[in-house]
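The structure appears below as structure tokens.
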Amino acid sequence: MKAVAYYQSLPADHPEALQDVQLDAPSPGPHDLLVEVRAISVNPVDTKIRRNVAPEHGAAKVLGWDAAGVVKAVGSEVSLFQPGDRVFYAGAIDRAGANSELHLVDERIVGRMPASLSFAEAAALPLTAITAWELLFERLQIAEGSTDQGQSLLIVGAAGGVGSILTQLARRLTGLTVIGTASRPETQAWVRELGAHHVIDHGKPLSEELARIGIGQVSHVASLTQTDQHYAQLIECLQPQGRLALIDDPLQPLDVMQLKRKSLSLHWELMFTRSLYQTEDMIEQHRLLQRVAELVDSGVLKTTLGEHFGRIDAANLRRAHALLESGKAKGKIVLEGF
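Using the UniProt record's numbering, the letters of the sequence shown map in sequence onto residues 1 to 338.
See the structure below:
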């Protein structure tokens, strides 16, 4: 089968950073679906692993943790899907990625693809939807509906992949006042389009930006990028007993003692935790994706596809990695077909 892989960690612009390769087709285990991959999207985790995780000597390492495709075969204990089903999913970080014609994934972390979306539009959603959903409803413990009316959520990096879906979820499914940050006119317009009540510039002091729109402090913060740079400001912006959730990898250690005076709580979100540890509630990601598909098909949520980079090959994936590393991507970068 065709695949895109790497053999050593190299800069995105190096011609061997990602290569077109031929690999043996995999066979499904008991809980696995064998999926014919039709479209994939690219996430910051792909670039981090390419830069920092060297493959075993001589082995091809395949990245890619967002896919939409068609089930080709199923394992002996599969009960949720059958061949021919259209599916979307993010996969597991301790298994081979989906930048290949055929891919194995555990059925418990797979959802049926939204009927109203193309493969490319669907591939933009899984990893970011799972991350945003778990962050909002499980880590920050926001309730669906109007229960949290009067509370507020500051989303730092609202124009990115996770921010693009988190903004929609928070605005359409909760009673929160949603404030998104973006630093360029085009990304600020994107965040407004996604439904944020307010948009502020994270290139300026956040407390001053909040004051500009008439908000003193917020009850919740979702820090999706550059948490170490904004950390002191986020603590200042949070109300006493507020909650701070993050998904990125701070370059500098965070001093949790700074949270004590306000009794602030800190919450990490990693959507791969359930699959890494095969948790008892692993199937919640299947249910979550099913719910996301329903919300898309009913018009509540929309795909966060930002740019279509053409077919799935090494050259196009290198371009996608470079754009993500520049920090200037808007929405999700998608590639389609081999």
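Think of the CB as a built atom: it goes at the ideal place given N, C-alpha and C, for glycine as much as any other residue. None of these values were measured; they are calculated from a predicted model.
Subject >> V87 versus I130: straight-line alpha-carbon distance, rounded >> reply: 15 angstroms
Original post:
With DSSP run on the structure shown, which of helix, strand or coil describes A25?
Top reply: coil
Subject >> Straight-line Cα distance separating H321 from G327 >> reply: So the two alpha carbons sit approximately 10 angstroms from each other.
**OP:** Throw me the rounded Cβ distance for the M1 and A68 pair, which I believe falls under 8 angstroms.
**Re:** Not confirmed; about 17 angstroms, so no contact.
Original post:
Residues bridged to H220 by DSSP?
Top reply: L153 and R243
Subject >> Q188 (DSSP reduced to helix, strand or coil) >> reply: helix
Subject >> Contact under 8 angstroms by Cβ, S219 with H202 >> reply: no
**OP:** Between the Cα of P15 and those of G331, Q22, A5 and L23, spot the shortest distance and give me the residue it belongs to.
**Re:** A5
Subject >> Environment of N52 [buried if 16+ CB atoms lie within 10 Å] >> reply: exposed
**OP:** Find the nearest neighbour of E169 within the set G299, A98 and L33, judged by alpha-carbon distance.
**Re:** Residue 169 is actually Leu in this sequence, not Glu. The option with the nearest alpha carbon to L169 is G299.
Subject >> 8 angstroms Cβ shell around D24 - same chain, five flanking residues per side excluded >> reply: M1
Original post:
Taking buried to mean at least 16 other C-beta atoms within 10 Å of its own C-beta, is V256 buried or exposed?
Top reply: V256 is exposed by the Cβ-count criterion.
**OP:** Can you tell me which of A189, H197, D106 and L127 puts its alpha carbon nearest to the alpha carbon of I165?
**Re:** L127
**OP:** Go ahead and pull the three-state DSSP assignment for H57.
**Re:** coil
Original post:
Taking only runs of the beta strand (DSSP E) that begin and end inside the stretch 28 to 96, which ones reach a length of at least 3 residues, in chain order?
Top reply: 32 to 42, 67 to 74 and 86 to 89
**OP:** Counting only the same chain and skipping the five closest in sequence on each side, list residues whose C-beta sits under 8 angstroms from that of R274.
**Re:** Excluding the 5 residues flanking it on each side, R274 has same chain C-beta neighbours closer than 8 angstroms at I109, D281, M282, E284 and Q285, in chain order.
**OP:** Just list the alpha helix (DSSP H) runs in the stretch 115 to 167, keeping only unbroken ones of 4 residues or longer that don't cross its boundaries, in chain order.
**Re:** 119 to 123 and 126 to 133
Original post:
Hey, how far is the Cα of D313 from the Cα of G97?
Top reply: 14 angstroms
Subject >> Identity of the residue in G161, T177, G163 and A123 nearest D148 by Cα >> reply: T177
Original post:
Looking at the structure shown, is R112 part of a helix, part of a strand, or coil, going by DSSP?
Top reply: Here R112 carries a strand assignment [DSSP, helix/strand/coil].
Original post:
From N316 to A245, what distance separates their C-alpha atoms?
Top reply: Going from the Cα of N316 to the Cα of A245 covers about 33 angstroms.
**OP:** Assign P83 to buried or exposed, taking buried as 16 or more other Cβ atoms, counted over all protein chains shown, within 10 Å of its Cβ.
**Re:** With fewer than 16 other Cβ atoms from the protein chains shown falling within 10 Å of its own Cβ, P83 counts as exposed.
Subject >> Three or more C-beta pairs below 8 angstroms linking the stretch 250 to 266 and the stretch 230 to 242 >> reply: yes
Original post:
Mind checking whether the beta-carbon of Q19 lies closer than 7 angstroms to any heavy atom of the ligand COA?
Top reply: In the structure shown, the ligand COA is absent, as is every other ligand, since no ligand is present at all.
Original post:
Going by the CB atoms, is the gap between G180 and A158 shorter than 8 angstroms?
Top reply: yes
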